[in-house]
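Trainee: Sequential numbering from 304 applies to the sequence shown in my numbering.
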Amino acid sequence: MTRFAIGENDFLLDGSPYRILAGALHYFRIHPDHWADRIRKARLMGLNTIETYVAWNAHEPHRGEWNATGWNDLGAFLDAVAAEGMHAIVRPGPYICAEWHNGGLPVWLTNTPGIALRRSEPQYMAAVTEYLQRVYEIVTPRQIDQGGNVILVQIENEYGAYGSDVAYLEELVRVTEKAGITVPLTTVDQPMPDMLRNGSLPTLHRTGSFGSKAKERLATLREHQPTGPLMCSEFWDGWFDWWGSVHHTTDAAASAAELEDLLAAGASVNIYMFHGGTNFGTTNGANDKGRYDPIVTSYDYDAPLDEAGNPTEKFHAFREVISRYAEVPAEVPAAASPAPAFDVQLTREGDWVPATLGEPSPGLVSFDDLDHVGPIVQYRTTLPGGRGGLLIIGQVRDLAWVRVDGVDVGRLSRTLHETSLYLPAGNVLEITVEDQGRVNYDVRLGEPKGLIGGVRLDGSDLDGWTSQPVHLERAVAAASGEHAAIIGGREVLRGSFALEAPTDLFLDTAAWGKGFAFVNGFLLGRFWSAGPQRTLYVPGPVTRAGDNEIVVLTLDAASTASASFVPSALLGPTEE
């Protein structure tokens, strides 16, 4: 039986010192057909371990509907890591941050009345216990001392930045150990004294998360973890992007120098990210520290492998550093080759919302209370006496298109702190609201989405509302020509294209304003001319030889009824 343990100064593999050289891959951000390729390329960079979060809301978007198949097949992912001869680290949260919507927590959980998140509160702990038991049913038999490859399991995630509930951490450990987890348990926090103190327990091994000043950060970590191996279990080698900003990159040579400092100090490392992947569908998170900033669809992260899994300058720079401390395979992954470039004529089919509406509910109902995990809800009411006036909404979460009798009146943005506009006289008021991404960090976890805090017209409450969830996939399935006339900028654009074989593609979305794009029924994600991201990545496995269908759902007016596929990703301008 192989054993993995924490020694006085090192990780120990069957009693011998072992340095973890890990890279982060999130199985839920990568098409399953690409898992083996990305894992193999990690080994070719010199890594010996793959780390992944577990996204609770990917596995259980609706309470009691647990899914561990397909994209959610954590067991198959860990087996793919083992097949490449690599170890694995599992970080099940339950909170993961990860720029993933709601920090990985399901909306049904965070919407539970009276619940206290990330605390030893009975409702929360009951749900967390059930979740962790399901995860550990997958992980426990795959531990290294049971013939598998899992060597570490993390408790919570950067908890010291959020709370200090010792009883909560102790209960997580109890549930974990009761489920049969016997490999070492770790925690991670930024190397700040209060975070390192509050985010762990004496029985857990502390690790750090940082991307610069490695020597200084390791010294702080050592003050709070006086024995055992030093580990940066989130070495930030890039960063994420949000709409309306720039594409964030880090200098490859500077990142490599920090990695060198880590390895020269004898530390273990997990590179976050080795390959970022994509926030397919509407799974992106958001941040709000006074300004709401939703995260883009791409999670390229300026990582050693780009969004399409191709090696970057950083891959080669890191590989060279690692080669000075560990054996690196001679094989090097092939460089990226251009994707097919071509144009597709699209047909304008009119407004897509009528074909997508679910059952109406009376009142101003939040996305959460509708149990709607999609990005759009439509609210409707009748204006009293057919009059207009000043419309004031308590809070818009997150972007609202306002129409009177089918005519655009304006748009209200949470990011811009907009809550009011003047309405013309008319009868039917329609407000279409987009959840642009749930906050994944700090105290705004689990906040409800929709029109929050009521709606007033000239100082009086507007009543008589109905709330209807919008199901995007229904627009994709609707037959051509079934849609109503175009309302504002909402329309379906549909077309087809032929391929000789399945292949990765990059869809240029610059001309379409804002909306969502599908290829062969697969929701690629959101697009927005606000940038920085301009292309959507189309993974080869969702395409096919022969005919393929593209469907675009716009929320703003598209300037052209054609689609352009381009040779490579266009992720936007970078900071000088």
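Backbone N, C-alpha and C fix where the C-beta goes; we use that ideal spot for every residue, glycine too.
Can you tell me the Cα-Cα spacing of residue 845 and residue 531, whole angstroms?
Mentor: What you label residue 845 is simply residue 542 of the sequence shown in a count that begins at 1. What you label residue 531 is simply residue 228 of the sequence shown in a count that begins at 1. Cα to Cα, residue 845 sits roughly 45 Å from residue 531.
Trainee: Please state whether DSSP places residue 458 in a helix, a strand or coil.
Mentor: Walking along the sequence shown from the start, residue 458 turns up at place 155. Coil, per DSSP.
Trainee: Check whether the Cβ of residue 761 sits closer than 8 Å to any heavy atom of the ligand ZN, and report yes or no.
Mentor: Absent from the structure shown: the ligand ZN. Ligands present: none.
Trainee: Please classify residue 534: does DSSP put it in a helix, a strand, or coil?
Mentor: Residue 534 sits at position 231 when you count from the first residue of the sequence shown. In the structure shown, residue 534 sits in a strand (DSSP, three-state: E or B).
Trainee: Which residue wins for smallest C-alpha separation from residue 410, given the options 750, 874, 766 and 458?
Mentor: Against the sequence shown, residue 410 aligns to sequence position 107. Residue 750 is the option with its Cα nearest to residue 410.
Trainee: Between 555, 316 and 700, which has its C-alpha nearest residue 608's C-alpha?
Mentor: Here residue 608 is taken as the residue at index 305 of the sequence shown, counted from 1. It is 555 whose Cα lies nearest to the Cα of residue 608.
Trainee: Enumerate, from N- to C-terminal direction, the unbroken alpha helix (DSSP H) stretches of 4 or more residues contained entirely within the stretch 744 to 800.
Mentor: Within the stretch 744 to 800, the complete alpha helix (DSSP H) runs of at least 4 residues are 775 to 780.
Trainee: Along the alpha helix (DSSP H) that carries residue 411, what are the first and last residues, could you check?
Mentor: Counted from its first residue, the sequence shown places residue 411 at position 108. Start and end: 410 to 413.
Trainee: Assign residue 427 to one of three DSSP states: helix, strand, or coil.
Mentor: As a first step, residue 427 must be located in the sequence shown, where it is residue number 124. Looking at residue 427 - three-state DSSP - the assignment turns out to be helix.
Trainee: So, is residue 704 buried or exposed, given that buried needs 16 or more other C-beta atoms within 10 angstroms?
Mentor: If you number the sequence shown from 1, residue 704 lands on position 401. So residue 704 counts as buried.
Trainee: If you draw a straight line from the alpha carbon of residue 889 to that of residue 340, how long is it in whole angstroms?
Mentor: Past the boundaries of the shown model lies residue 889; the chain is included only from 304 to 879, so the question cannot be answered.
Trainee: Find the nearest neighbour of residue 407 within the set 417, 414, 396 and 415, judged by alpha-carbon distance.
Mentor: Locating residue 407 in the sequence shown gives position 104, counting from the first residue. Out of 417, 414, 396 and 415, 396 has the C-alpha closest to the C-alpha of residue 407.
Trainee: Quick check: what's the CA-CA separation for residue 412 versus residue 560?
Mentor: The sequence position of residue 412 within the sequence shown is 109, counting from 1. The sequence position of residue 560 within the sequence shown is 257, counting from 1. Their Cα atoms are separated by approximately 42 Å.
Trainee: Pick from 629, 788 and 872: whose alpha carbon is nearest that of residue 807?
Mentor: By 1-based counting over the sequence shown, the position of residue 807 is 504. Considering only alpha carbons, the answer is 872.
Trainee: Got a sec, what are the start and stop residues for the beta strand (DSSP E) residue 828 sits in?
Mentor: Position 525 of the sequence shown holds residue 828. Looking at the DSSP string, the run of the beta strand (DSSP E) that includes residue 828 is 825 to 831.
Trainee: Can you confirm whether the stretch 371 to 378 touches the stretch 418 to 436 when touching is taken to mean that 3 or more C-beta pairs between the two stretches lie within less than 8 Å?
Mentor: The stretch 418 to 436 vs the stretch 371 to 378: no contact.
Trainee: Could you have a look at residue 592 and say whether DSSP puts it in helix, strand or coil?
Mentor: Against the sequence shown, residue 592 aligns to sequence position 289. Correct three-state label for residue 592: coil.
Trainee: Could you pull out every residue in the same chain whose Cβ sits closer than 8 Å to the Cβ of residue 320, ignoring the five residues on either side in sequence?
Mentor: Here residue 320 refers to the residue found at position 17 when the sequence shown is read from its first residue. Counting only Cβ-Cβ distances below 8 Å, and skipping sequence neighbours, we find 310, 312, 313 and 314.
Trainee: Any contact between the stretch 635 to 646 and the stretch 721 to 739? By contact I mean 3 or more CB pairs, one from each, below 8 Å.
Mentor: Contact between the stretch 635 to 646 and the stretch 721 to 739 is absent, because fewer than three Cβ pairs lie under 8 Å.
Trainee: For residue 801 and residue 852, what's the separation of their Cα atoms in angstroms?
Mentor: Position 498 of the sequence shown, counted from the first residue, corresponds to residue 801. Position 549 of the sequence shown, counted from the first residue, corresponds to residue 852. When rounded, the distance between both Cα atoms is 9 Å.
Trainee: Is residue 740 closer than 9 Å to residue 587 when the C-beta atoms are compared?
Mentor: Here residue 587 is taken as the residue at index 284 of the sequence shown, counted from 1. Here residue 740 is taken as the residue at index 437 of the sequence shown, counted from 1. Yes, these two residues count as a Cβ contact at 9 Å.
Trainee: Quick check: the Cα distance between residue 622 and residue 698, rounded to an integer number of angstroms?
Mentor: By one-based count along the sequence shown, residue 622 stands at place 319. By one-based count along the sequence shown, residue 698 stands at place 395. Answer to the nearest angstrom: the Cα atoms are 48 Å apart.
Trainee: Cβ atoms of residue 828 and residue 650: under 9 Å apart, would you say?
Mentor: Taking the sequence shown and counting its residues from 1, the one referred to as residue 650 is at position 347. Taking the sequence shown and counting its residues from 1, the one referred to as residue 828 is at position 525. It is not a contact, given that the beta carbons lie outside the stated cut-off.
Trainee: Apart from the five residues on each side of it in sequence, which residues of its chain come closer than 7 Å, Cβ to Cβ, to residue 641?
Mentor: Numbered from its first residue, the sequence shown carries residue 641 at position 338. Only 870 and 871 meet the Cβ criterion.
Trainee: Return the bridge partner residues of residue 802 from the DSSP annotation.
Mentor: For the purposes of this step, residue 802 is taken as residue 499 along the sequence shown, with counting starting at 1. BP columns for residue 802 point to 849.
Trainee: Just to check my reading of the structure: residue 570 and residue 521 have Cβ atoms closer than 8 Å, yes? What is that Cβ distance to the nearest angstrom?
Mentor: Here residue 570 corresponds to residue number 267 of the sequence shown, with the count starting at 1. Here residue 521 corresponds to residue number 218 of the sequence shown, with the count starting at 1. Their Cβ separation, rounded to whole angstroms, is 6 Å, which keeps residue 570 and residue 521 in contact under 8 Å.
Trainee: Which residue marks the beginning of the beta strand (DSSP E) containing residue 817, and which one marks its end?
Mentor: Here residue 817 is taken as the residue at index 514 of the sequence shown, counted from 1. Run containing residue 817: 817 to 822, per the beta strand (DSSP E) assignment.
Trainee: Excluding the five sequence neighbours on either side, which residues of its own chain have a C-beta within less than 7 Å of the C-beta of residue 788, listed in chain order?
Mentor: Looking up residue 788 in the sequence shown gives position 485. Excluding positions up to five away in sequence, the list reads 653 and 654.
Trainee: To the nearest angstrom, how far is the alpha carbon of residue 498 from that of residue 492?
Mentor: Walking along the sequence shown from the start, residue 498 turns up at place 195. Walking along the sequence shown from the start, residue 492 turns up at place 189. Cα-Cα distance, rounded: 6 Å.
Trainee: With a cut-off of 8 Å on the beta carbons, I'd call residue 857 and residue 777 a contact; round off their distance for me.
Mentor: Along the sequence shown, read from residue 1 onward, the residue named residue 857 stands at position 554. Along the sequence shown, read from residue 1 onward, the residue named residue 777 stands at position 474. 16 Å between Cβ atoms; not a contact.
Trainee: Please tell me whether residue 456 and residue 381 are closer than 9 Å, where the distance is taken between their beta carbons.
Mentor: Here residue 456 corresponds to residue number 153 of the sequence shown, with the count starting at 1. Here residue 381 corresponds to residue number 78 of the sequence shown, with the count starting at 1. Contact: no.
Trainee: Are the beta-carbon atoms of residue 572 and residue 618 separated by less than 9 Å?
Mentor: Residue numbering aside, residue 572 sits at position 269 when the sequence shown is read from its first letter. Residue numbering aside, residue 618 sits at position 315 when the sequence shown is read from its first letter. No.
Trainee: Relative to the alpha-carbon of residue 526, which residue among 418, 511, 681 and 667 has its alpha-carbon at the smallest distance?
Mentor: For this step, residue 526 is matched to residue 223 along the sequence shown. Ranking the options by Cα distance to residue 526, first place goes to 511.
Trainee: Assuming residue 835 and residue 544 are in contact, meaning their beta carbons sit under 8 Å apart, how far apart are those beta carbons, in whole angstroms?
Mentor: As a first step, residue 835 must be located in the sequence shown, where it is residue number 532. As a first step, residue 544 must be located in the sequence shown, where it is residue number 241. Residue 835 to residue 544, Cβ: 6 Å. Contact.
Trainee: Determine the closest residue to residue 595 out of 562, 675 and 716, with distance taken between C-alpha atoms.
Mentor: Looking up residue 595 in the sequence shown gives position 292. It is 716.
Trainee: Got a sec, what are the start and stop residues for the beta strand (DSSP E) residue 308 sits in?
Mentor: Residue mapping note: residue 308 aligns to position 5 of the sequence shown, counting from 1. Here the beta strand (DSSP E) through residue 308 covers 307 to 309.
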